[in-house]
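*Asks:*
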Amino acid sequence: MSTVIDLSIVHRGAPGGEPLLRADNLVAGYLPGVNILQGCSLVLHPGELVGIIGPNGAGKSTLLKALFGLVNVRSGTLTLDGEDITNLRADVLVRRGVGFVPQTNNVFPTLTIEENLQMGVYQTPAVFKERLEVVLDLFPELTKRRKQAAGALSGGERQMVAMARALMPEPSVLLLDEPSAGLSPVRQDEAFLRTRRINRAGVSVVIVEQNARRCLQICDRAYVLDQGRNAYSGPGRELMNDPKVIELYLGTLATDVDAARATADGDGDSHPTDAKDA
Ligand SMILES: Nc1ncnc2c1ncn2[C@@H]1O[C@H](COP(=O)(O)OP(=O)(O)OP(=O)(O)O)[C@@H](O)[C@H]1O
Ligand SMILES: [Mg+2]
Numbered sequence: 001m002s003t004v005i006d007l008s009i010v011h012r013g014a015p016g017g018e019p020l021l022r023a024d025n026l027v028a029g030y031l032p033g034v035n036i037l038q039g040c041s042l043v044l045h046p047g048e049l050v051g052i053i054g055p056n057g058a059g060k061s062t063l064l065k066a067l068f069g070l071v072n073v074r075s076g077t078l079t080l081d082g083e084d085i086t087n088l089r090a091d092v093l094v095r096r097g098v099g100f101v102p103q104t105n106n107v108f109p110t111l112t113i114e115e116n117l118q119m120g121v122y123q124t125p126a127v128f129k130e131r132l133e134v135v136l137d138l139f140p141e142l143t144k145r146r147k148q149a150a151g152a153l154s155g156g157e158r159q160m161v162a163m164a165r166a167l168m169p170e171p172s173v174l175l176l177d178e179p180s181a182g183l184s185p186v187r188q189d190e191a192f193l194r195t196r197r198i199n200r201a202g203v204s205v206v207i208v209e210q211n212a213r214r215c216l217q218i219c220d221r222a223y224v225l226d227q228g229r230n231a232y233s234g235p236g237r238e239l240m241n242d243p244k245v246i247e248l249y250l251g252t253l254a255t256d257v258d259a260a261r262a263t264a265d266g267d268g269d270s271h272p273t274d275a276k277d278a
C-alpha cells in the first residue's frame, strides 16, 4: 500500500518584481519548418517552484531544452536576471547559474557517484570539495555509496545522482524533467519531497511532470502546456481544482479531487486520496 505523505505547501501567486527567468513567446523546434513550441511564455521568480504539466507530446521537454540552450529558439526571447540569454549554449548557461536534469540518460553509468558529481563542476574544479559536502548533505543516501558506479544504481538513486550533479555548481535555477518518472510510488514521493527541499534551500525550480496532481500540489504556480502553447496558468492548488483543467488534463482524477475536498474541508493541508494516483 502507498504511504500518504503530506505534500502541502503555502501557495503564492506570482510575486511582483523582476523575474529570475523569463521566456516570452518562444517558438522552437527540431526539424526545419516544424515548430514544436508555438509561442510559449513562462516566468520564474526568485525562490519559486514552478510546474509544467500537459499531455504527452505537448512540448514540455522541448520547453526545458529551449530554456537550457539545447533546442534552437527561432523567435521569442529568454532572459535570466534581466539579461538576454536566448540561444546561449548550455555550458555558458551553467556558468550563469542554470542547472538541468534530463529525464533519461542523466548519469554517466561507468563513472562512480563521486566522479559524476565531479563532472558537475568540471568548469570550476576548485569548488568540488566544498560543494560535495553541501550536496551530500542534501542527499545523505549517496554518501556511503559514493565510490560505486552510477550504472549499478536503481532508477531512484540515479535520479538523486543526476539532481546532485546539477546542484554541484550552485545553480540559482534548476530545470527538472520528470524527476518522478519510472519510480515506485514511495520513491516518487521522495522525489517530490526532495524537489521541495531543494527549492526551500533557495534554488528556484522549474519542474516538468507527468504526475500532474502531485506536481500541482507542491508547486507555487504552474503552467499547462498543450500543443506547444500555454493553455492555463495559475497557483498549483487553483489549477488542481479548476473544473476545466480537471476535465481536460487531470481526467479521471476528478472524483479524487472531489473526495479530497470533502475529506480535507477546513484543513486544506491534508490530501488523503493523494496516494491513489501514484
Ligand atoms: N529530437 C527530436 N527530433 C524531432 N522531433 C522531436 C524530438 N524530440 C521531440 N520531438 C517532437 O516534439 C514534440 C514534443 O515533444 P516533447 O518531448 O517536448 O513533449 P513532452 O510534452 O515532453 O512529452 P512527454 O510527456 O511524452 O515527455 C513531439 O511531437 C515529439 O515527437
Ligand atoms: Mg517530456
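The opening residue of the sequence shown carries number 1 in the UniProt record's numbering; numbering runs sequentially from there.
Beta carbons are placed, not taken as given, at the ideal position from N, Cα and C, and that holds for glycine.
Please read these numbers as outputs of a predicted model, since none were measured by experiment.
Can you check which of these residues, M168, D137, N105, is closest to Q123 by C-alpha distance?
*Replies:* M168
*Asks:* Taking 8 Å as the line, does the beta carbon of L63 fall inside it for any heavy atom of ligand 1?
*Replies:* yes
*Asks:* Under the three-state reduction of DSSP, which class applies to A28: helix, strand or coil?
*Replies:* strand
*Asks:* Mind checking R221: buried by the 16 CB within 10 Å criterion, or exposed?
*Replies:* buried
*Asks:* Which class does A152 belong to by DSSP, given the choice of helix, strand or coil?
*Replies:* helix
*Asks:* Thinking just about the alpha-carbon of each residue, which of D81, T86, R95 is nearest to the one in G69?
*Replies:* T86
*Asks:* Exposed or buried, which one is P109 when buried takes at least 16 other CB atoms within 10 Å?
*Replies:* exposed
*Asks:* Expressed to the nearest angstrom, what Euclidean distance is found between the alpha-carbon atoms of residue 360 and V94?
*Replies:* This structure does not reach residue 360, given that the chain is present from 1 up to 278, and the question cannot be answered.
*Asks:* Between the stretch 170–183 and the stretch 139–147, do three or more beta carbon pairs fall short of 8 Å?
*Replies:* no
*Asks:* Is Y30 near ligand 1, going by C-beta to nearest heavy atom under 8 Å?
*Replies:* yes
*Asks:* In the DSSP assignment, what residue or residues form a beta bridge with F100?
*Replies:* L175
*Asks:* Could you check what DSSP says for Y249 in three-state terms: helix, strand or coil?
*Replies:* helix
*Asks:* So is the beta-carbon of E178 under 8 Å away from any non-hydrogen atom of ligand 2?
*Replies:* yes
*Asks:* Cα separation between Q210 and L193?
*Replies:* 16 Å
*Asks:* Any idea if K60 is buried or exposed, counting beta-carbon neighbours within 10 angstroms, 16 or more meaning buried?
*Replies:* Looking at its Cβ environment, which holds 16 or more other Cβ atoms inside 10 Å, K60 is buried.
*Asks:* Tell me, please, whether the stretch 37–54 touches the stretch 212–228 by the rule of three or more beta-carbon pairs shorter than 8 Å.
*Replies:* yes
*Asks:* Can you tell me where the alpha helix (DSSP H) with G120 in it begins and where it stops?
*Replies:* 113–120
*Asks:* Between T112, M163, G156, which lies nearest to K144 when the distance is taken from Cα to Cα?
*Replies:* T112
*Asks:* Using a threshold of 8 Å, is the CB atom of I36 nearer than that to any non-hydrogen atom of ligand 1?
*Replies:* yes
*Asks:* Between the C-alpha atoms of G156 and K147, what's the straight-line distance to the nearest angstrom?
*Replies:* 17 Å
*Asks:* Per DSSP, which one or two residues make a beta bridge with S233?
*Replies:* Y223
*Asks:* What separation, rounded to the nearest whole angstrom, lies between the Cα atoms of A181 and T104?
*Replies:* 9 Å
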